[in-house]
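Engineer: In the working numbering, the protein residues as written are 24 to 450. Where a beta carbon is used, it is the ideal one built from N, C-alpha and C, also for glycine. Please read all numbers here as calculations on a predicted model, not as lab measurements.
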């Protein structure tokens with residue numbers, strides 16, 4: 024059973040019991056000893072995130088002695104299974120780290136509190152809107168990033184090539200440059216990594232052509248022709264040598280940025296989230312650069328600023344004002360931002376980002392400069408994905424393998440993509 028089906032099952036387990044619990048009490052922390060308010064705060068992430076979040080909790084408690092925060096840390100997979108069960112049992116944490124793919128699902132089920140009144144004046148409106156569902160703010164951005172091209176200038180130098188002009192280059196330019204880089208580079212070094220394992224790549228490609236991955240009413244929004252064109256680029260680059268073999272691409276895409284071809288100096292370009300630049304730089308031992316997506320100047324802008332994750336509040340918290348106060352502090356207080364910095368993405372509060380930019384690691388300051396450069400160019404962010412969207416990445420990845428290994432043609436792959444995504448996101 025898929026993850027969203029498991030969560031759906033968790034929401035409806037023992038409805039009579041759940042209904043009784045909802046009527047009897049709220050979820051969350053309750054009262055600590057001495058009459059203090061106790062809030063539970065759940066998040067997923069790396070050990071570094073865990074350490075920084077514990078540090079920021081202590082800082083909040085020092086300045087808010089009437090509130091105790093109890094942390095609940097988990098892995099990505101374990102987090103969502105546990106949260107679904109907690110919400111079904113009326114035992115959700117007061118403050119919830121939320122992901123975009125799950126936001127609509129939880130909001131539609133009435134599990135999240137309306138965050139109206141939390142300060143958003145220093146956050147770009149298009150970033151704030153990514154936390155809204157049907158016009159109601161259910162999640163405050165914890166960090167921002169963008170899906171970008173990452174390029175290795177040293178790999179270009181070794182091939183005797185110039186870096187592309189990312190303000191004007193097209194998809195045709197990208198394909199030509201990648202093929203030439205492979206030809207002019209040492210054996211085993213490719214012009215680019217395969218692009219097709221992330222649905223955001225398809226989404227940006229579609230947005231450049233006036234479409235989107237989803238429609239405003241939560242249906243599949245990208246047409247079969249655009250899907251075919253997107254996969255045809257992958258096949259053309261595979262044939263030209265601009266990208267590695269299907270077996271190589273299929274093997275490495277699951278390994279994360281540190282084990283990618285770009286990080287291993289086996290590719291000159293790849294598509295990655297901006298907040299992954301640190302990991303790519305460290306693994307490659309090189310100073311990589313962020314570039315605009317190819318095709319951004321040819322049609323409509325496809326790139327957009329995305330909230331890397333959010334902070335939400337349980338609709339059943341016993342302490343809504345204190346929970347909202349904590350979320351507001353995490354995003355809009357300098358003391359919090361100076362601790363968390365860019366671990367969850369660049370701080371969304373633009374005023375505080377300017378104030379702490381000199382404290383950011385060099386690579387994150389590089390990301391901040393890039394994001395500032397493209398701020399006036401990117402498009403409006405899409406709406407929160409429909410419930411079930413967490414399955415789409417796996418669908419795209421599986422069908423991308425089918426295309427690369429030539430088990431299906433682009434027509435059949437586009438048809439299956441539509442059928443499988445429609446099935447995943449149907450009510």
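1) On the DSSP letters alone, give me the boundaries of the alpha helix (DSSP H) that residue 94 sits inside.
2) Using C-beta distances below 7 Å, list every residue in its chain close to residue 343, excluding the 5 sequence neighbours before and after it, in chain order.
3) Looking only at its own chain, which residues have a Cβ that is under 8 Å from the Cβ of residue 427, when we skip the five neighbours before and after it?
4) List in chain order: all unbroken alpha helix (DSSP H) runs of 4+ residues lying wholly within the segment 337–380.
5) Between which residues of its own chain and residue 361 is the CB-CB distance below 7 Å, once the five residues before and five after are set aside?
6) Tell me which residues share the same chain as residue 424 and place their Cβ nearer than 7 Å to its Cβ, disregarding the 5 neighbours each side in the sequence.
7) Tell me whether residue 63 sits in a helix, a strand or coil according to DSSP, three-state version.
8) Could you tell me which uninterrupted alpha helix (DSSP H) segments, each at least 4 residues in length, are contained entirely in the segment 198–280, listed from first to last along the chain?
9) Could you give the uninterrupted runs of the alpha helix (DSSP H) lying entirely in the segment 81–163, keeping only those of 4 residues or more?
10) Please name the residue or residues paired with residue 326 in a DSSP beta bridge.
11) On the three-state DSSP scale, how would you describe residue 294?
12) Just the C-alpha distance for residue 437 and residue 429, rounded to the nearest angstrom, thanks.
13) Residue 231: buried (16+ other C-beta within 10 angstroms of its C-beta) or exposed?
14) Using only CA atoms, which one of 145, 201, 63, 157 lies nearest to residue 183?
15) Pairing CB atoms from the segment 88–100 with CB atoms from the segment 293–308, are three or more of them under 8 Å?
16) Just verifying my parser: in three-state terms, what is the DSSP assignment at residue 165?
17) Quick one: give me the first and last residue of the beta strand (DSSP E) that residue 172 is part of.
18) Looking only at DSSP bridge pairs, what is residue 333 linked to?
19) Could you name the residues of the same chain whose beta carbon sits closer than 7 Å to that of residue 181, not counting the 5 residues immediately before and after it, in chain order?
20) Taking 8 Å as the cut-off, does the segment 112–121 touch the segment 63–76 (at least 3 CB pairs, one atom from each stretch)?
21) With contact counted as at least three CB pairs below 8 Å, one residue from each stretch, are the segment 247–255 and the segment 304–322 in contact?
22) Please determine if the segment 344–360 and the segment 158–165 are in contact, where contact requires at least 3 C-beta pairs separated by less than 8 Å.
23) On the premise that residue 275 lies in contact with residue 283, defined as a C-beta separation below 8 Å, what is that separation, rounded to the nearest angstrom?
24) Does the beta-carbon distance from residue 156 to residue 130 come in below 8 Å?
25) With DSSP run on the structure shown, which of helix, strand or coil describes residue 400?
26) Short of 6 Å in beta carbon distance, which residues of its chain neighbour residue 321, apart from the five on each side in sequence? Order them along the chain.
27) Would you give the residue range spanned by the alpha helix (DSSP H) that residue 440 belongs to?
28) When the Cα atoms are used, what is the spatial distance from residue 104 to residue 125?
29) Just to confirm, are residue 292 and residue 174 a CB contact at a threshold of 8 Å?
Structural biologist: Taking the structure as given:
1) Per DSSP, residue 94 belongs to no alpha helix (DSSP H); it is in the beta strand (DSSP E), 90–97.
2) 136, 336
3) 217, 219, 257, 258, 261, 269, 272, 273
4) 343–355, 357–363, 373–379
5) 379, 382
6) 273
7) strand
8) 222–230, 247–263, 269–275
9) 99–111, 123–131, 148–151
10) Beta-bridge pairing links residue 326 to no other residue.
11) strand
12) 14 Å
13) buried
14) 201
15) no
16) strand
17) 170–174
18) 121, 164
19) 208
20) yes
21) no
22) yes
23) 6 Å
24) yes
25) coil
26) 193
27) 433–448
28) 12 Å
29) yes
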